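Written below as structure tokens is the structure these notes are about.
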Amino acid sequence: MVVLGGVVAFSVTKDRRNKIPVQTQKVARRDLISTVSASGEIKPKKFVNVAADISGRITDLYVKEGDTVRTGQMLARIDATRLQAGKEQSEAAVEAARADLKRAEADVEAARLAFERNKKMHADKLISESQMDQADADLKMKAAAVDAQKRRIRQQEAMLASTSDDVRKTVVVAPMTGVVTSLQKEQGESVIGAQSFSPTVIMTVGDTSAYEVEILVDETDIRYVALGQPAEVRVDALEGLKLKGEVTEIGSSAIPRGSATASTQTTSATANQAKDFKVTVTLKDPPAALRSGLNATAEITTAKKEKVLAIPIQAVVVREVSKEGKVVDPAALQASEGDPSGGAPRQKGDEREGV
């Protein structure tokens, strides 16, 4: 009896030691939320990259980063020395052409008077027909010279207007009311004008009353994102602050990871490269402390179910069941595979994706 009792006690102790501790939780109704998270950068919802209309050196810079500006306010000035000289030359050419026109008009008047005299003399048979024809030709030639001079004046005036416009363009003005969010160039630096293929950005002016965050969403998650979905935005520099937002734009072209722009062509080098899609989240009631360029993370709510019965995901186990709904022992199932008489047909349980 003593030996038997010892064996029983040993067996119980061994079973207790081999038991695996588990976490239990009651089935309860909960709100289930599916989200997509991605990082990006804070930007004003409306902003303009300001560039000069002409190339040259910045002689004056009238604003600094953070200044508030109004539409039409002078921001900078480009060196106009060469252009001003061209304008003065055009002005002189216009004045000279106008003086030449006055002389040409005087010549026409003289030729007209001569023609009238010759006409009377020709009527009195005092001059020949050839002399009359010569006076008529001279009048027409002088009149043609006046017309040519008028065309020359119009050309000179057009050139003056062009050079004057170039001089006017040396003054860089604010295209909108807002704040200078970034200043890329300083006084004395040279810039390339907007007429070129890639003009130099002098500064950026943005409307800081409305902000948005541009994030890059992984290609495997973009199918869950839709316009109008709510988002929660956390800004790295504003710890603890949670901002509300809404998805307002979804890019239609994939952006190769590590690239700043969307790719319009697929090559062998980028075919297998991971890609993202640009998504814009517009912020609601942005705080005054928010600044353009801050890093942020947006968590977009893609689906939500309220007050549904839920259990922890750790408690979900997928098992084979028979048509009668009985749980099948995996070992028995494996033993009966390939044997038509090994038991009733089996089928997999219902699996659903989503919330």
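Quick note on our numbering: the sequence shown kicks off at 8 and runs consecutively.
Every residue, glycine too, gets a C-beta built ideally from N, C-alpha and C.
Predicted model, so just to flag it, every value in this text is computed and none were measured.
Per-residue DSSP class, three states only, for residue i
i	result
Asp173	helix
Leu340	Annotation note: pLDDT 49 at Leu340 (below 50); position unreliable, coordinate value reported separately. Helix.
Leu234	coil
Val324	coil
Ile65	strand
Arg124	helix
Met166	helix
Ala144	helix
Leu133	coil
Ala317	strand
Ile222	strand
Met210	strand
Val43	strand
Arg264	coil
Ile160	helix
Asp199	As written in the sequence, residue 199 is Ile, which differs from the Asp given in the question. Three-state DSSP puts Ile199 in coil, outside helix and strand.
Ala4	With the chain represented from 8 up to 362, any question about residue 4 goes unanswered, as that position is not in the structure.
Lys149	helix
Lys192	coil
Presumed contact (8 Å Cβ cut-off) between residue i and residue j, rounded CB distance
i	j	result
Ala310	Ile222	Their Cβ separation, rounded to whole angstroms, is 18 Å, which puts Ala310 and Ile222 out of contact at 8 Å.
Ala152	Ala111	5 Å
Val240	Val288	6 Å
Gly79	Ala181	6 Å
Arg64	Gly247	Wrong, their Cβ atoms sit about 47 Å apart, outside the cutoff.
Backbone CA spacing between residue i and residue j [nearest angstrom]
i	j	result
Gly200	Val179	11 Å
Ala320	Ile40	In the sequence under discussion, the amino acid at residue 320 is Ile, which differs from the Ala named in the question. When rounded, the distance between both Cα atoms is 14 Å.
Asn56	Val115	56 Å
Ser197	Leu82	15 Å
Lys33	Ala317	9 Å
Ser135	Gln156	32 Å
Val187	Gly300	13 Å
Ile209	Leu190	6 Å
Ala113	Gly185	58 Å
Arg77	Lys50	19 Å
Ser62	Ser203	9 Å
Gly93	Thr170	6 Å
Glu48	Leu297	11 Å
Ser260	Ala233	15 Å
Gly73	Lys251	25 Å
Gly265	Gln280	10 Å
Ser44	Arg84	44 Å
Glu253	Ile307	8 Å
Lys192	Gly235	38 Å
Val323	Val286	34 Å
Ala106	Glu98	13 Å
Ala144	Leu133	19 Å
Ile160	Val101	6 Å
Leu167	Gln96	8 Å
Pro263	Lys282	4 Å
Ala142	His129	11 Å
Tyr218	Lys71	21 Å
Thr42	Thr207	40 Å
Ser205	Leu90	22 Å
Ala118	Met148	9 Å
When the options are compared against residue i, the one with the closest alpha-carbon
i	options	result
Arg37	Ile61, Val324, Val315 and Ser205	Val315
Asp173	Glu313, Ala59 and Leu301	Ala59
Val220	Ala35, Lys53 and Thr42	Lys53
Ile257	Glu226, Ala295 and Ala303	Glu226
Leu108	Ala150, Leu68, Asp67 and Ile65	Ala150
Gln162	Ala103, Met183 and Asn302	Ala103
Thr75	Phe122, Met183, Arg175 and Ser137	Met183
Val224	Leu146, Ala295 and Ser46	Ser46
Val242	Lys176, Lys312 and Leu290	Leu290
Ala87	Arg175, Arg230, Pro293 and Glu123	Arg175
Met139	Leu90, Glu123 and Pro294	Glu123
Pro237	Asp228, Ile229 and Thr255	Thr255
Contact test: residue i Cβ vs the ligand MN heavy atom, cutoff 7 Å
i	result
Ser189	Judged by which ligands are present, the structure shown has none, so any question about the ligand MN falls away.
Residue i at chain E interface by Cβ criterion, 8 Å
i	result
Lys109	In the structure shown, chain E does not exist; there is a single protein chain.
Note down, one range per segment and in chain order, each beta strand (DSSP E) of at least 3 residues found wholly within the region 71-98.
Listed in chain order, they are 81-85.
Report the residue ranges of all alpha helix (DSSP H) runs contained in full by the region 281-313; include only those spanning at least 4 residues, in chain order.
Runs found: none.
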